[in-house]
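For the record, the sequence lines run as chains P and Z. Residue 51 is where the first sequence starts when you use my numbering, and the numbers rise one by one after that. Residue 61 is where the second sequence starts when you use my numbering, and the numbers rise one by one after that.
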Amino acid sequence: MSINATLLIQIIAFVLLVWFVNKVLWGPLSKLMEERQKKIADGLSAAEKGKHELELAEQKAKEVLKEAKSQAQNILSQAEKRSSEIVEDAKVKANEEADRIKAAAQAEIEQEVSRAREDLRKEVASLVVTGAEKILQKEVDAAAHNDMLETLVKSI
Amino acid sequence: MGTVEYIQHHLTNNHIGEGFWTFNLDTIVVSFLLGALIVFVSARLGKQLETGKPGGFQNFVESILDFVSTNVRDAFPGHNPLIAPLALTIFVWVWLMNFMDLIPVDLLPYLFQLVTGDPHAHLKIVPTTDLNTTLAMAFTVFALIIYYNIKIKGVGGFIKMFLFHPFGKFFIPVNVVMTFIEEVSKPLSLALRLFGNMFAGELVFLLIALIGGTLAVGAAALFWAPLQVLLDLGWLIFHLLVITLQAFIFMVLTIVYLGMAHDEGH
């Protein structure tokens, strides 16, 4: 157990071993482990980013949906308004039409009445002439008494 | 064979040479084999690394690597690409060399004696029970400590550290002695702690081995042999903690010492 030249050999062996371990084992393996660490960190951050993006997309989708809903509501209310307008319009038109028809009917009735009255007059005139002929036993010259008859007819 | 002889025999390295130029062959061969194991395994693993789905063994190595780099990050200020591989090498190599302690104390020496045909052949298979191994690592670390002290603080800063630390400029002689002791105690405590722990652990294994061996004669073996098994198992489990702890302490102290060398305010 005395110190001797073995010491020198052991020093050389130790130095060589350290050099070799560094070159072959520590260097590549720690590099690999570092790479793996980086890869994992990258993956995690990418996942985080993806999650964030998903959240954003969800938010956006919600917004779009909300907008679409409000738009639909808008369209619906507009359509309702329009339909009530149309109904109102139709009502007004129908009323006008009815009034018009009524007026036309009224006019026709009046025309009919006046025509009937005219016919009646004429009838009465001829009846009067005939009656007078009967009474006088002679023919009355219709033409000669036309003016008188006319006056008569008008007075009826 | 007597008890003392048995223990001494076990604690003698198989060596060649004389005086300083003695080479402890068993220490060198075993530590080189374990180093070669690390080299072989890392070279094989290095060729088939996978990012996506690492296999079981890669996971295991990665967890060791993660453990070491966490320790480096906690104890080492700043950045130096040498520290982490150095710490990893220390941890794994020291652990493997310590692990030799858990192989039954007589197994490999016995096999070695059979193979060589020499019944007195020495073989001490735990390299960390040889002071040369632990000092070799400690001195290497010490050289790095001095190198980084000078590199980070400059030669002037390094000298200033000796002159004005820890008591300020009025105690320069005391400071030089104190700082010198502080610096020299770093490699010595590193080496001696590991060596002492492993040596003592090996010794306890030898003593336990003696219970069923030399002590047991005839019918007494019926009592001593189970006791030896029980004690051996207990010490083995405890020692498994010790070898890991010692490897860990050597690694962490290396990191801390080098961190202190990088600390400019020191």
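Ideal Cβ positions, reconstructed from N, Cα and C, are used throughout, including at glycine. On a predicted model such as this, the values are computed, not experimentally measured, just so you know.
Cβ neighbour criterion (16 or more within 10 Å) applied to residue i
i              : result
F310 (chain Z) : buried
G62 (chain Z)  : exposed
I150 (chain Z) : buried
N158 (chain Z) : buried
I98 (chain Z)  : buried
W81 (chain Z)  : exposed
T180 (chain P) : exposed
F120 (chain Z) : exposed
G177 (chain Z) : exposed
V165 (chain Z) : buried
V207 (chain P) : Summary: the structure shown does not reach residue 207 (chain P), with chain P confined to residues 51 through 206, and so no result is reported for it.
Y207 (chain Z) : exposed
G294 (chain Z) : exposed
T130 (chain Z) : exposed
F64 (chain P)  : buried
D161 (chain Z) : buried
N74 (chain Z)  : buried
Beta-carbon separation (whole angstroms), residue i vs residue j, contact threshold 8 angstroms
i              : j              : result
L266 (chain Z) : I88 (chain Z)  : Not a contact, Cβ separation roughly 22 angstroms.
N192 (chain Z) : I62 (chain P)  : Wrong, their Cβ atoms sit about 12 angstroms apart, outside the cutoff.
Q306 (chain Z) : M238 (chain Z) : That belief does not hold up - the Cβ atoms of Q306 (chain Z) and M238 (chain Z) are roughly 28 angstroms apart, past 8 angstroms.
G261 (chain Z) : V302 (chain Z) : 6 angstroms
H70 (chain Z)  : P169 (chain Z) : 7 angstroms
S123 (chain Z) : L75 (chain P)  : About 14 angstroms separates the two Cβ atoms, so there is no contact after all.
I268 (chain Z) : L291 (chain Z) : 5 angstroms
I205 (chain Z) : K246 (chain Z) : 7 angstroms
V201 (chain Z) : T314 (chain Z) : 5 angstroms
Whole-angstrom distance between residue j and residue i, CA atom to CA atom
i              : j              : result
T304 (chain Z) : P286 (chain Z) : 27 angstroms
L367 (chain Z) : L93 (chain Z)  : Chain Z is shown only over 61 to 326; residue 367 (chain Z) falls outside these bounds and no answer can be derived.
S72 (chain P)  : N235 (chain Z) : In the sequence under discussion, the amino acid at residue 72 (chain P) is Asn, which differs from the Ser named in the question. Their backbone Cα atoms lie some 37 angstroms apart in a straight line.
H225 (chain Z) : G138 (chain Z) : 22 angstroms
H102 (chain P) : G319 (chain Z) : 43 angstroms
K211 (chain Z) : F222 (chain Z) : 15 angstroms
W153 (chain Z) : L66 (chain P)  : 12 angstroms
L125 (chain Z) : L254 (chain Z) : 22 angstroms
L199 (chain P) : I159 (chain P) : 28 angstroms
V90 (chain Z)  : K81 (chain P)  : 31 angstroms
P179 (chain Z) : K213 (chain Z) : 57 angstroms
V132 (chain Z) : F100 (chain Z) : 25 angstroms
L148 (chain Z) : V128 (chain Z) : 6 angstroms
L57 (chain P)  : G216 (chain Z) : 31 angstroms
F172 (chain Z) : L146 (chain Z) : 33 angstroms
A55 (chain P)  : I76 (chain Z)  : 10 angstroms
F199 (chain Z) : L174 (chain Z) : 37 angstroms
K220 (chain Z) : L142 (chain Z) : 26 angstroms
G228 (chain Z) : D190 (chain Z) : 40 angstroms
I59 (chain P)  : T194 (chain Z) : 12 angstroms
S176 (chain P) : A157 (chain P) : 29 angstroms
T72 (chain Z)  : Q288 (chain Z) : 24 angstroms
H326 (chain Z) : W69 (chain P)  : At H326 (chain Z) the pLDDT is 47, less than 50, meaning the model places this residue with poor confidence and gives no usable figure here.
L106 (chain P) : E117 (chain P) : 16 angstroms
I90 (chain P)  : M83 (chain P)  : 10 angstroms
7 angstroms Cβ cut-off: residues of chain P touching residue i
i              : result
L318 (chain Z) : Simply none; closest approach about 13 angstroms.
T314 (chain Z) : By Cβ distance, chain P contributes nothing, its closest Cβ being about 11 angstroms from T314 (chain Z), past 7 angstroms.
T193 (chain Z) : Q60
Chain P contact residues for residue i, given Cβ-Cβ distances below 8 angstroms
i              : result
V236 (chain Z) : Correct list: empty, because the minimum Cβ distance to chain P is about 26 angstroms.
Worksheet item: Name the residues in the region 157-175 of chain Z whose C-beta lies less than 9 angstroms from a C-beta of chain P; which are they?
Response: none
Discussion item. Taking beta-carbon pairs under 7 angstroms, can you tell me which members of the region 58-91 of chain P lie near chain Z?
Written reply: I59, Q60, I61, A63, F64, V65, L67, V68, F70, V71, N72, V74, L75, W76, P78, L79, S80, L82, M83, E85, R86
Worksheet entry | Interface positions of the region 76-109 of chain Z facing chain P (Cβ-Cβ less than 8 angstroms), listed along the chain | G77, G79, F80, W81, T82, F83, N84, T87, I88, S91, F92, G95, I98, V99, S102, A103, L105, G106, L109
Item to complete: Give, in chain order, every residue of the region 141-153 of chain Z whose Cβ lies closer than 9 angstroms to some Cβ of chain P.
Response: P141, L142, A144, P145, L146, L148, T149, I150, V152, W153
Fill in: Interface residues of the region 112-125 of chain Z facing chain P [CB-CB below 9 angstroms]
G112, P114, Q118, V121, E122, L125
Item to complete: May I ask you to list, following chain order, the residues of the region 215-231 of chain Z that have a beta carbon less than 7 angstroms from some beta carbon of chain A?
Response: Absent here is chain A; the protein component of the structure consists of chains P and Z.
Worksheet item: Any residues in the region 193-211 of chain Z with a beta carbon nearer than 7 angstroms to a beta carbon of chain P? Which ones, in chain order?
Response: Contacts with chain P (Cβ-Cβ distance below 7 angstroms) from the region 193-211 of chain Z involve T193, L195, A196, M197, F199, T200, listed in chain order.
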